[in-house]
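A.B. asks:
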Amino acid sequence: MEGLLDGIEHLERELTAEPVAAPAMGSFVLHALLIASVLSYGMISGLFKHSVWGNQGGGGAMQVNLVSSTIPLPNNQPVNENVLATEKPSKAPVAPAPKTQQKVDETAIAIQGKQVKPQEKTTQKTPPQPTPKTDNTARYGEQSGTPIARATQPSVGSVGQTAIGDSDFVSMFGWYVRQINVKMASSWYKQEVDPHTPPGARVYLYFSIRKDGSISDIRLDRSSGSPTLDQSCMRAAQRVDSFGALPPAYTKASLMVSYYCEY
Amino acid sequence: MRRVFVKSLLPHLPVLLLCLLCWHAPSLHAQDWVHTGTNLSNPIVRIAAADFKPAGSDPQTTALKAVFDATLYSDLGNAGIFDLVSKSMAPQAMPGSPQEMVLAQWSAAPASAAMVAFGSFSVDNARLAVYGYLFDTSNTANPQVMGKQYNEAANEDMARTIAHRFADEIIARLGGGVNGIAETKIYFVSNRTGTKEIWSMDYDGQNQRQVTHLGSITLSPRVSPDNSRVAFSSLGREGWSIRMYSLELGRMVSFPGGAAGGSNLSPAWTSDGTKIAFSSSRSGDSAIWVADASGGNLHKITTLAGPNVSPVWNPRTNAQIAFVGGRTNEPQIYTMNQDGSNIQRMTDSGYAVSPSWHPNGGMLAFSWNRKYGPGDPGGQDIYLFEIATMHWLQMTHESGNNDFPSWSPDGRHLVFQRKLGGRTQIWTMLADGTHQQQLTKAGDNSMPNWSWK
Chain A
4 MEGLLDGIEH LERELTAEPV AAPAMGSFVL HALLIASVLS YGMISGLFKH
54 SVWGNQGGGG AMQVNLVSST IPLPNNQPVN ENVLATEKPS KAPVAPAPKT
104 QQKVDETAIA IQGKQVKPQE KTTQKTPPQP TPKTDNTARY GEQSGTPIAR
154 ATQPSVGSVG QTAIGDSDFV SMFGWYVRQI NVKMASSWYK QEVDPHTPPG
204 ARVYLYFSIR KDGSISDIRL DRSSGSPTLD QSCMRAAQRV DSFGALPPAY
254 TKASLMVSYY CEY
Chain B
273 MRRVFVKSLL PHLPVLLLCL LCWHAPSLHA QDWVHTGTNL SNPIVRIAAA
323 DFKPAGSDPQ TTALKAVFDA TLYSDLGNAG IFDLVSKSMA PQAMPGSPQE
373 MVLAQWSAAP ASAAMVAFGS FSVDNARLAV YGYLFDTSNT ANPQVMGKQY
423 NEAANEDMAR TIAHRFADEI IARLGGGVNG IAETKIYFVS NRTGTKEIWS
473 MDYDGQNQRQ VTHLGSITLS PRVSPDNSRV AFSSLGREGW SIRMYSLELG
523 RMVSFPGGAA GGSNLSPAWT SDGTKIAFSS SRSGDSAIWV ADASGGNLHK
573 ITTLAGPNVS PVWNPRTNAQ IAFVGGRTNE PQIYTMNQDG SNIQRMTDSG
623 YAVSPSWHPN GGMLAFSWNR KYGPGDPGGQ DIYLFEIATM HWLQMTHESG
673 NNDFPSWSPD GRHLVFQRKL GGRTQIWTML ADGTHQQQLT KAGDNSMPNW
723 SWK
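Respectively, the protein sequence lines represent chains A and B. The first sequence begins at 4 in my numbering and counts up by one. The second sequence begins at 273 in my numbering and counts up by one.
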């Protein structure tokens with residue numbers, strides 16, 4: 004009986020409607036308020052412009068790239084890509100002081116039976132120093148002058164002119180050849196070359212330099228087998244506006260240059 | 273039979289070979305050949321400037337020669353393309369002529385010079401006579417690269433001018449087709465007389481002279497490509513107007529389009545000197561306007577909202593203009609075509625102003641407070657910006673507020689203003705950020721502009 008009563012009571016409790024309306028209303032109001040506040044925040048913050056750092060949606064790229072290759076300044080130092088590199092390096096640590104020999108107390112009385120450790124001989128070993136090569140100098144140009152041309156030149160005509168015309172350009176105007184090298188090296192972007200290119204691959208170009216120093220007739224002479232290397236070397240020549248006027252003492256109209264780029 | 277034929281030919285072989293060579297000879301002689309390539313060690317040219325040999329007994333010689341020697345030495349050092357032999361390393365010899373030149377002295381350590389500039393310097397009848405030579409020390413057979421002779425009035429200015437000219441000749445010869453800048457000028461604003469006037473000086477800070485005497489405020493001087501006129505903005509009765517000063521006539525000349533109401537600021541010449549762009553607020557917001565050099569044919573080229581100021585032409589093509597646009601919250605650098613089309617934003621953030629276009633057209637220099645990112649010290653610094661790749665490089669670091677960069681005509685140097693400790697002064701540097709030098713000391717000096725030649 005008691006069990007039945009309990010069941011009825013339980014059923015009654017189950018069937019009685021719970022007060023849903025008030026909590027639901029509360030929840031609805033709360034959500035509405037939340038949405039309204041988000042919307043109004045968006046609208047209000049849109050109305051007032053404030054200092055935005057960078058593009059909306061990202062801080063922009065962070066780039067530290069050297070562009071100095073287009074500045075006509077000599078650039079023969081390896082590019083230091085370290086952002087934190089400083090021109091004033093900190094001092095190198097002081098070299099450790101040489102080991103001092105253990106002092107032997109001469110006044111001490113020797114303990115009988117104690118083996119005295121023999122002192123290690125400290126003879127400084129100097130590593131073998133390489134002797135610098137005496138012929139370690141830069142050589143410009145692959146070939147020296149063409150002796151054939153000199154031999155066949157008839158020895159008539161004014162001496163002065165022949166001397167200039169006959170002598171090899173490299174020996175007469177070595178400084179101009181250096182200038183060609185510097186200019187070409189600075190306008191050749193090695194990073195354009197496919198890294199799979201075997202090191203040592205060479206592409207040979209022909210071009211001629213006009214009296215005013217401008218470059219013309221750029222042609223590929225011998226391909227390196229790597230199209231990107233060929234292309235990059237051609238581009239290097241095309242980038243050069245002028246090598247500087249040819250030396251006034253050079254009387255011919257133009258100078259032919261055979262140039263190679265070696266990867 | 274065949275062997276006999278060959279045998280009969282043998283005695284004639286040299287002749288035959290010679291004939292063959294003669295046949296080739298014209299092609300060999302038509303042009304000289306140079307064979308060269310990469311990896312052949314291309315060090316910076318190490319150059320020594322010997323003290324010139326004094327000639328004659330005029331009392332002025334010593335003083336003028338000191339000016340000449342110092343100027344030549346500093347010009348070669350400032351060029352940025354040489355490794356200059358320090359005076360303490362150079363031999364004591366003063367060779368005055370090619371005959372007195374001992375190359376071994378200069379090519380040996382510690383000078384180890386690849387090139388030597390030397391010559392003689394004399395004053396005679398109030399005239400300076402200077403003979404200058406440039407020798408290649410590695411070429412004992414034909415060492416002379418250049419020989420020059422100068423004859424000018426004997427005074428300090430001319431001694432300096434001759435040194436500048438000789439240095440420029442050397443730089444033109446060894447600088448790979450880029451002329452030197454030793455004879456160029458820098459125009460700037462200075463308040464040392466009490467009001468802001470236009471001043472000029474040599475590129476190394478010497479010879480500072482006042483150009484305008486308006487007694488008002490003048491800003492942003494821009495010299496014309498032929499060095500005949502200076503355009504600037506000045507505060508007058510009609511507000512800020514673009515005005516023009518003739519350096520040849522030494523007086524103001526008219527520029528009618530420059531004063532039609534509103535603020536007219538920051539003029540910019542095309543590299544051919546035919547047009548001037550400037551910013552004007554005569555029609556509302558500041559916009560970029562273009563006029564002929566005479567001040568006529570005026571038209572507006574930017575139509576976008578927001579202030580657009582500080583135009584500069586691409587000196588290579590004269591077909592593009594870079595400017596500062598304020599349509600976003602903070603000023604940014606933009607480029608556009610000369611008709612106002614194809615506007616492109618260059619900088620993505622921060623506060624970017626004062627563009628200056630590199631002579632080869634490939635780069636911009638400008639002043640930027642990045643306000644964001646690594647290495648940002650919060651200061652305003654000079655940056656280079658390569659237009660094709662959109663890459664940039666910081667030039668100045670943690671040294672005051674830097675603004676108004678202007679390129680030298682050789683594209684190797686920049687002049688700019690630096691505000692440090694409350695004083696604004698003009699500085700120059702190489703375009704890799706090194707070799708920074710202060711040029712002005714008196715008063716406050718700002719808004720430098722490097723002449724075109």
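Where is the CB? At the ideal position from N, CA and C, for every residue including glycine. What you are looking at is a predicted structure, and each value in this text was computed from that prediction instead of being measured.
#1: The beta strand (DSSP E) spanning W269(A) covers which residue range?
#2: To the nearest whole angstrom, what separates the beta carbons of S535(B) and W512(B), a pair I think is in contact under 8 Å?
#3: Evaluate S552(B) with the Cβ neighbour count: other Cβ atoms within 10 Å of its Cβ, from every protein chain shown; 16 or more gives buried, anything less gives exposed.
#4: Would N721(B) be called buried (16 or more neighbouring beta carbons within 10 Å of its own) or exposed?
#5: Count the other CB atoms within 10 Å of the CB of V260(A); is the residue buried (16 or more) or exposed (fewer)?
#6: Alpha carbon to alpha carbon, how far is R399(B) from T343(B)?
#7: Is it buried or exposed, Q164(A), if we count other Cβ atoms within 10 angstroms and call 16 or more buried?
#8: Bridge partners for K547(B) per DSSP, in chain order?
#9: Could you give the first and the last residue of the continuous alpha helix (DSSP H) run that contains S346(B)?
#10: Report yes or no: do the region 521-534 of chain B and the region 571-589 of chain B share at least 3 C-beta pairs separated by less than 8 Å?
#11: Using 8 Å as the limit for Cβ to Cβ distance, is S261(A) near chain B?
#12: Buried or exposed: M28(A), going by 16 or more other Cβ atoms within 10 Å of its Cβ?
#13: Report the rounded CA-to-CA distance for W640(B) versus G533(B), giving the unit in angstroms.
#14: Is it true that the CB of S462(B) sits closer than 8 Å to the CB of N673(B)?
#15: Quick check on this structure: which residue in M473(B), N414(B), G466(B) has the alpha carbon closest to the alpha carbon of R432(B)?
#16: Just the chain B side, please: which residues come within less than 8 Å of I183(A) by C-beta, in chain order?
#17: Using a 10 Å radius around the Cβ and a threshold of 16 neighbouring Cβ atoms, would you call H630(B) buried or exposed?
#18: Output needed in chain order: residues of the region 411-428 of chain B with a Cβ under 8 Å from some Cβ in chain A.
#19: With DSSP as the reference, label Q234(A) as helix, strand or coil.
#20: Any beta-carbon of chain A closer than 8 Å to the one on H684(B)?
#21: Just the C-alpha distance for E428(B) and Y345(B), rounded to the nearest angstrom, thanks.
#22: Roughly how many angstroms separate the alpha carbons of R181(A) and T308(B), rounded to a whole number?
#23: Per DSSP, which one or two residues make a beta bridge with Y655(B)?
#24: For F527(B), report the span of its alpha helix (DSSP H) as first-last.
#25: Using a Cβ-Cβ cut-off of 8 Å, state whether S174(A) counts as contacting chain B.
#26: Cβ closer than 8 Å: which chain A residues qualify as neighbours of G391(B)?
#27: If I measure Cβ to Cβ from G634(B) and keep anything under 7 Å in the same chain, skipping five residues before and after, which residues do I get?
#28: Is the region 466-480 of chain B in contact with the region 374-385 of chain B, if contact means three or more CB pairs nearer than 8 Å?
#29: Among the candidates I458(B), M516(B), Q616(B), D557(B), whose CA atom is the shortest distance from the CA of L486(B)?
#30: If you reduce the DSSP assignment to three classes, tell me which class R599(B) lands in.
#31: What residue range does the alpha helix (DSSP H) around M430(B) cover?
#32: Whole angstroms is fine: what's the gap from Q480(B)'s alpha carbon to F460(B)'s?
#33: Count the CB pairs spanning the region 212-222 of chain A and the region 237-245 of chain A that are closer than 8 Å, and state whether there are at least three.
#34: Which value, in whole angstroms, describes the spacing of the CA atoms of I605(B) and H663(B)?
#35: Can you list the residues of chain A that R445(B) reaches, using a CB-CB cut of under 7 Å?
#36: Would you grab the beta carbon distance between V306(B) and F172(A) for me? Rounded to a whole angstrom, and I think it's under 8 Å.
C.D. replies: So, from the listed chains and residues:
#1: Because chain A here runs from 4 to 266, residue 269(A) falls outside it and cannot be looked at.
#2: 4 Å
#3: buried
#4: buried
#5: buried
#6: 19 Å
#7: Residue placement at Q164(A) is poorly supported in this model, since its pLDDT is 25, which falls under 50; the coordinates still yield a value, given next. Exposed, because fewer than 16 other Cβ atoms sit within 10 Å of the Cβ of Q164(A).
#8: D564(B)
#9: 332-350
#10: no
#11: yes
#12: exposed
#13: 30 Å
#14: no
#15: M473(B)
#16: V306, T308
#17: buried
#18: N411, A413, N414, V417
#19: helix
#20: His is not the amino acid found at residue 684(B); the sequence shown has Arg there. Yes, R684(B) counts as interfacial toward chain A.
#21: 16 Å
#22: 9 Å
#23: F638(B), Q666(B)
#24: Taken as a continuous stretch (DSSP letters only), F527(B) belongs to no alpha helix (DSSP H), as it is neither H nor E.
#25: yes
#26: By Cβ distance, chain A contributes nothing, its closest Cβ being about 18 Å from G391(B), past 8 Å.
#27: E658, I659, A660
#28: no
#29: M516(B)
#30: coil
#31: 428-446
#32: 10 Å
#33: yes
#34: 14 Å
#35: G247
#36: 5 Å
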